[in-house]
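K.L.:
Taken in order, these protein sequences are the chains called A and B.
Each step along the first sequence adds one to the number in numbering that gives the first Met the number 0, with nothing skipped, and position 156 is 155.
Each step along the second sequence adds one to the number in numbering that gives the first Met the number 0, with nothing skipped, and position 51 is 50.
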Amino acid sequence: MFSASDLRKGLKILMDGDPYIITDFDFTKPGKGQALYRCRLRNLINGNSTDRTFRSNDKFEKAPLEERTMQYLYSQGDEFHFMDNTSYEQLFLTREQVGNNLNFMVDNMEVSVLFFNETPLDITLPIFVNLSVTTADPWVKGDTSGSDTKPVTVETGFVLQVPPFVEEGDKIQIDTRTGEYITRVKE
Amino acid sequence: MISGGMLRRRSEVLQEVRNYFVAHDFLEVDTPILLPSLAPEPWIEPIEAGDRFLQTSPELCMKRLIAAGEKRIYQICRCFRQGERGRRHLPEFLMIEWYRADADYRDLMKDCEGLLRAVAGTCSGGLLTRHGSRISLERPWPRITVAEAFSRYAGITPETALTEGCFEEVLVEQVESNLGFETPVFLIDYPGALASLSRLKKNAPGVAERFELYAGGLEIANGFSELIDPVEQRHRFEGALAEIRQDGRRPGPMPESFLKSLPTMPETAGIALGLDRLIMLVTGVDEIDGVVPFVPEEL
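#1: Who are Glu297 of chain B's beta bridge partners in DSSP?
#2: Strictly by DSSP, which residues pair up with Pro150 of chain A?
#3: Anything in chain A within Cβ reach of Asn221 of chain B, meaning under 8 Å, just list it in chain order.
#4: Is Ser48 of chain A close to chain B, meaning its C-beta is less than 9 Å from at least one C-beta of that chain?
#5: Any idea what DSSP makes of Ala100 of chain B, helix, strand or coil?
#6: Could you name the residues of chain B that Ala135 of chain A contacts, counting a contact when the two beta carbons are closer than 9 Å?
#7: According to the neighbour-count rule (16 or more other Cβ atoms, all chains shown, within 10 Å of its Cβ), is Ala194 of chain B buried or exposed?
#8: Nearest chain B C-beta to Asp25 of chain A closer than 9 Å, yes or no?
#9: Where does Thr85 of chain A land, buried or exposed, given buried means 16+ other C-beta within 10 angstroms?
#10: Exposed or buried, what is Pro295 of chain B when buried is set at 16 or more other beta-carbons lying within 10 Å of its beta-carbon?
#11: Under the three-state reduction of DSSP, which class applies to Gly4 of chain B: helix, strand or coil?
#12: Measuring straight from C-alpha to C-alpha, what distance separates Met104 of chain A and Arg183 of chain A?
#13: Anything in chain A within Cβ reach of Ser195 of chain B, meaning under 8 Å, just list it in chain order.
#14: So what does DSSP say about Thr118 of chain A, is it helix, strand or coil?
#15: Looking at C-beta atoms only, is the number of pairs between the stretch 154-166 of chain B and the stretch 236-251 of chain B that lie closer than 8 Å three or more?
#16: Could you check whether Glu154 of chain A and Leu124 of chain A sit closer than 9 Å to each other, using their CB atoms as the reference points?
#17: Could you pull the DSSP bridge partners for His80 of chain A from this structure?
#18: Taking C-beta pairs closer than 8 Å, name the residues in chain B that Leu35 of chain A reaches, listed in chain order.
#19: Starting from the C-beta of Ala15 of chain B, find all residues in its chain whose C-beta is less than 7 Å away, skip the five residues before and the five after it, and write them out in chain order.
#20: Quick one: which unbroken beta strand (DSSP E) runs of 3-plus residues sit fully inside the stretch 22-53 of chain A? Chain order, please.
#21: Please confirm if Arg39 of chain A has its CB atom under 9 Å from at least one CB of chain B.
#22: Between the Cα of Leu272 of chain B and those of B:His234, B:Ser176, B:Ile75, B:Leu258, spot the shortest distance and give me the residue it belongs to.
#23: Measuring CB to CB, does Leu115 of chain B end up less than 9 Å from Leu127 of chain B?
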């Protein structure tokens with residue numbers, strides 16, 4: 000159990016039977032009155048945000064969430080199939096649940112899947128992934144007039160800016176939190 | 000840690016506050032901050048230090064000086080309140096309190112107008128800023144009763160809100176955000192149940208002569224016509240101690256030395272103003288962290 004003084008940004012609590020994450024938080028106290036804990040919370044099942052104000056003696060249950068390491072197998076239409084690495088159990092998430100992670104997911108990648116009561120909610124990718132460049136304009140050596148970056152497409156179809164020396168067929172490392180190029184990877 | 004520029008602006012505000020009170024014939028006092036007993040307040044939790052408490056406000060010692068014959072005193076000091084940490088709260092903060100003998104809360108409102116106009120005149124071109132909006136200090140500043148504000152902005156009476164246990168929620172969620180964006184506003188005449196150490200209005204005993212000053216939705220000061228009846232004061236303290244016990248906390252001792260001084264206290268008005276918050280308004284910084292040299296997490 001949590002009490003109101005434990006509330007902070009990022010805490011996941013159970014409210015009205017659903018798991019929520021606190022996305023914004025402030026402590027306030029009007030005049031000589033009771034302390035209030037003002038929270039913005041996002042429902043981890045449907046993504047809706049709501050504002051709630053709590054008092055010092057309110058109590059909260061921890062959201063029963065569990066992370067499991069799973070392997071991304073393949074996609075079929077809007078279904079993205081994963082396999083539990085220990086139980087070999089398979090399940091799928093929808094395109095909506097996978098969201099922008101799609102830009103960086105390749106077959107056989109290990110990801111962390113967040114569960115609420117056996118229902119998968121969300122996935123977290125490794126921070127850095129290596130992806131192959133499938134389309135890139137050739138690098139013209141000695142071209143000093145151009146800009147310092149150029150756009151390339153990687154195997155997932157994601158387009159990003161990279162330094163001019165990156166060529167088609169290269170593997171590059173990308174930060175999945177920002178979608179930014181980190182380095183070229185030698186294999 | 001704040002910048003050297005902000006440290007200097009903070010210092011300028013403090014200097015100007017002192018200039019104002021000295022020019023208006025107030026005596027600066029410095030009373031002890033380590034105290035054996037405090038005014039019991041149901042929702043202000045003190046920080047214990049050995050067998051004493053760090054002051055939550057210099058109120059009781061300053062009133063004893065008034066009871067001993069001082070007429071106009073002010074004090075700039077640090078106050079400590081357990082667990083208060085937010086965008087406009089610190090567990091240790093800088094307060095100014097001032098007391099006027101032979102005066103009531105209306106005199107304090109005039110002091111507030113004079114003080115803020117003087118400070119902003121020197122330090123911020125005569126304006127205050129909150130969330131980017133500019134607040135004029137042209138007088139008069141509206142005085143709006145708690146009952147009017149609750150009815151206008153929330154469609155509820157303060158009494159109903161108190162009965163339903165949502166007074167603070169209504170104030171914070173619906174009322175405060177409307178207060179003090181053109182000029183500062185005085186929210187006056189609190190329900191008697193929230194009188195604290197203030198006296199009830201003679202012609203309307205359900206209402207206390209207590210006000211809060213708001214600028215840009217930010218509460219910066221709490222003032223009142225002081226309660227000087229020792230019997231009534233003891234009764235209220237007992238009520239506060241009972242509330243603390245009921246909430247499962249350990250109440251501190253009754254401030255007997257203060258109660259003993261009350262019979263010689265003249266009609267008095269006293270007010271506490273949060274200086275860090277005033278500095279936020281003068282500098283246009285929206286969070287308290289941006290105006291203090293260090294926040295607790297940096298220590």
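Idealized CB from N, CA, C, for every residue including glycine.
P.N.:
Let me spell this out:
#1: Under DSSP, Glu297 of chain B shares a beta bridge with no residue.
#2: DSSP lists A:Gln160 as the bridge partner or partners of Pro150 of chain A.
#3: Correct list: Gly30, Lys31.
#4: Not an interface residue.
#5: If DSSP states are grouped into helix, strand and coil, Ala100 of chain B belongs with the strands.
#6: Per Cβ cutoff of 9 Å: no residues; Ala135 of chain A is ~44 Å from chain B at best.
#7: Buried, because 16 or more other Cβ atoms sit within 10 Å of the Cβ of Ala194 of chain B.
#8: Chain B, which has a Cβ nearer than 9 Å to the Cβ of Asp25 of chain A, makes this yes.
#9: Residue environment for Thr85 of chain A: exposed (fewer than 16 other C-beta atoms within 10 angstroms of its C-beta).
#10: Label assigned to Pro295 of chain B: exposed.
#11: Here Gly4 of chain B sits in helix by DSSP.
#12: Approximately 18 Å between the Cα atoms of the pair.
#13: Within 8 Å Cβ-Cβ: Lys31.
#14: Thr118 of chain A: strand per DSSP, three-state reduction.
#15: A contact between stretches requires three or more CB pairs, one per stretch, nearer than 8 Å, and the stretch 154-166 of chain B fails this requirement with the stretch 236-251 of chain B.
#16: No, they are not a contact pair.
#17: A:Tyr73, A:Phe91.
#18: Glu167, Glu168, Val171, listed in chain order.
#19: The residue you asked about is not Ala; residue 15 of chain B is Glu in the sequence shown. Apart from the 5 residues on each side of it in sequence, Glu15 of chain B sits with its Cβ closer than 7 Å to the Cβ of Ala117, Val118, Thr121, Cys122 in its chain, given in chain order.
#20: Fully contained in the stretch 22-53 of chain A are the following beta strand (DSSP E) runs of length 3 or more, in chain order: 35-42.
#21: False, the Cβ-Cβ gap to chain B never drops below 9 Å.
#22: Selected option, being the one with the closest Cα: B:Ile75.
#23: In this structure, Leu127 of chain B lies closer than 9 Å to Leu115 of chain B by Cβ.
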